[in-house]
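Worksheet: one structure, shown below.
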Ligand code: SF4
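In the numbering used here, the protein residues as written are 54 to 604.
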């Protein structure tokens with residue numbers, strides 16, 4: 054059957070058709086649509102359980118439990134979510150995976166909606182695990198199906214890496230008949246699941262021994278395609294993931310140019326699954342003088358090549374500046390490295406090519422803004438007014454990650470740091486201990502549940518003089534208004550349970566008419582020389598709109 058889907062949805066459908074039993078995750082652009090698709094199917098009576106978790110670590114640990122019980126499980130997250138899940142991810146490699154376990158991670162090169170450009174292939178390599186990198190929606194579907202088989206065959210978790218341009222683009226996908234995997238039953242040899250030193254040492258040796266079989270799997274895999282016939286062996290190209298598409302878009306011109314000079318286009322290896330197929334790389338480069346590596350993300354393949362190839366081969370790519378070191382690749386910006394002239398003009402509409410402005414035309418930037426009437430704007434008005442009485446050196450407003458990150462920009466200009474989920478509270482504690490008088494942490498309700506709770510325990514234990522402002526908009530707004538793990542009414546009891554003094558928990562409604570009262574209460578809590586928590590609670594406007602329209 055043919056269907057037109059996003060890359061994220063193709064992966065989700067592939068997992069369903071592979072006999073997925075449960076999927077857990079935490080929303081994050083550009084991965085969110087994987088779970089949204091599965092939740093939608095689940096709500097419509099599908100069999101696979103699909104649930105958002107409080108963070109990526111608990112999601113992956115839940116999936117490990119499903120695998121232990123002998124069922125197929127998947128976890129979804131964005132690239133920085135894998136940092137949060139790194140502990141179970143790295144340790145999970147040493148377990149005797151039972152039901153197939155797939156970790157679907159969507160990277161965001163170009164940082165469209167992220168705080169860094171990290172490349173998840175490094176994580177798979179670090180954990181000695183296989184990774185699959187689809188370059189099309191069809192491959193996303195096919196590789197999701199395959200990943201569960203691979204996981205069960207070698208008893209390892211398997212990572213699938215997507216990137217924004219694939220996750221968020223639609224294409225036709227041919228689906229296959231759904232599989233009904235055999236019931237495996239729960240794990241029996243629990244020494245494969247207990248990382249006590251004596252077992253972990255043995256399991257680690259076993260993982261290392263699997264490397265040879267996984268390397269052979271990657272060498273023989275159809276996605277790792279070597280093209281050497283009627284090609285110029287002295288100039289080789291390695292493409293990986295979407296880098297292959299950008300090369301292909303230029304191939305006709307590249308071949309024409311080479312043939313008009315009596316030559317042939319470069320020999321080429323495309324890599325779609327890892328470990329890197331070292332034998333294929335050596336074969337490709339047997340007579341190469343120059344090698345160009347085109348890969349989306351960080352120079353992962355490129356950096357590894359020096360351990361595979363002799364130094365006499367010149368390697369061009371991101372490390373020597375032949376390709377952009379940061380941001381996304383595209384069909385245009387790989388052309389100079391291929392020896393092609395800059396692309397000219399605006400491509401005709403309807404060809405699916407990226408539109409580009411005429412040379413010299415600088416388009417005005419359109420930075421994102423809080424929605425008009427957003428509750429965060431009223432919260433920031435109160436925060437700005439409350440800290441204004443302190444000298445600049447005596448105040449710090451440290452933020453977290455969510456819609457409220459937009460408070461960094463004018464007209465709010467209210468926050469001074471954005472680092473990672475949960476960092477605001479610990480940073481404010483540190484700043485308070487370092488002598489900042491008005492140390493304020495700003496964090497959303499979902500981010501608080503994700504990574505803020507443990508930081509609150511530290512703050513309680515230190516009785517640090519800081520004020521935590523929880524912006525409770527009762528949803529995970531930034532990624533499309535997913536449900537938070539706990540409803541707003543549970544926040545206060547949770548804070549009390551974590552040890553926050555009831556006298557210093559305030560719940561306020563951020564509205565323009567309440568500005569003076571809210572500022573006064575917040576100022577009093579900032580003045581208090583201990584831990585205080587101020588909850589600004591008003592539902593996100595987008596969430597209200599969606600609830601009313603039923604979307
Ligand atoms: S989506 Fe909601 S929380 Fe985000 S800016 Fe808009 S109103 Fe504010």
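We treat Cβ as the ideally placed atom computed from N, Cα and C, and that holds for glycine.
- A check of alpha carbon separations from residue 492 across 64, 478 and 471 identifies 478 as the nearest.
- DSSP places residue 263 in the helix class (H, G or I) of the three-state scheme.
- Excluding its 5 nearest sequence neighbours in each direction, residue 393 has C-beta neighbours in its own chain below 8 Å: 303, 306, 307 and 310, listed in chain order.
- For residue 295, the three-state secondary structure derived from DSSP is coil.
- The residue from 299, 494 and 435 with its alpha-carbon nearest to that of residue 465 is 435.
- The alpha carbon of residue 452 has as its nearest neighbour, out of 240, 593, 497 and 124, the alpha carbon of 497.
- With fewer than 16 other CB atoms across the displayed protein chains lying within 10 angstroms of its CB, residue 165 is exposed.
- Exposed is the label assigned to residue 258, since fewer than 16 other Cβ atoms lie within 10 Å of its Cβ.
- For residue 183, the CB contacts under 8 Å within the same chain, skipping 5 residues up- and downstream, are 177, 203, 207, 209, 211, 212, 267, 270, 271, 326, 327 and 328 in chain order.
- Counting only runs of 4+ residues, the alpha helix (DSSP H) found wholly inside the region 215 to 274 occupies 217 to 220 and 250 to 273, in chain order.
- Per the DSSP secondary-structure output, residue 191 pairs with nothing in a beta bridge.
- When secondary structure is reduced to three states using DSSP, residue 443 falls in the coil class, being assigned neither helix nor strand.
- For residue 55, the enclosing beta strand (DSSP E) begins and ends at 55 to 59.
- Taking C-beta atoms under 8 Å as the contact rule, residue 131 and residue 83 qualify, at a distance of about 7 Å.
- In the three-state reduction of the DSSP assignment, residue 323 falls in the strand class, which pools E and B.
- Three or more Cβ pairs closer than 8 Å define a contact, and the region 355 to 369 meets that threshold against the region 335 to 346.
- Excluding sequence positions up to five before and after residue 378, its CB lies within less than 6 Å of the CB of 371, all in the same chain and listed in chain order.
- Per the C-alpha coordinates, the member of 557, 197 and 170 positioned closest to residue 229 is 197.
- Boundaries of the alpha helix (DSSP H) around residue 596: 594 to 602.
- When distances are taken from the beta-carbon of residue 595 to the heavy atoms of the ligand SF4, the shortest one is below 8 Å.
- Only exposed fits residue 556, as fewer than 16 other CB atoms lie within 10 angstroms of its CB.
- Residue 207 has its Cβ no nearer than 8 Å to any heavy atom of the ligand SF4.
- Going by beta carbons, residue 79 and residue 109 fall inside the 9 Å limit.
- Remark: the shortest separation between the CB of residue 476 and any heavy atom of the ligand SF4 does not fall under 8 Å.
- With a threshold of 16 other beta carbon atoms within 10 Å, residue 127 meets it and is buried.
- Collapsing the DSSP output to three states places residue 196 in a helix.
- Taking 9 Å as the cut-off, the beta carbon of residue 459 is found closer than this to the beta carbon of residue 429.
- For residue 447, the closest alpha carbon among the candidates 462, 488, 107 and 158 is that of 488.
- Bridge partners of residue 77 according to DSSP: 104 and 128.
- If one requires a minimum length of 4 residues, the alpha helix (DSSP H) runs lying completely within the region 330 to 389 are 331 to 337 and 353 to 357, in chain order.
- In the structure shown, residue 550 falls within a helical segment according to DSSP collapsed to helix, strand and coil.
- By the CB criterion at 9 Å, residue 121 and residue 246 fall inside the cutoff.
- Annotated three-state conformation of residue 478 is helix, per DSSP.
- Under the DSSP assignment, residue 95 falls in the alpha helix (DSSP H) whose first and last residues are 85 to 96.
- The C-beta distance from residue 87 to residue 64 rounds to 6 Å, short enough to fall under 8 Å.
- In the three-state reduction of the DSSP assignment, residue 212 falls in the strand class.
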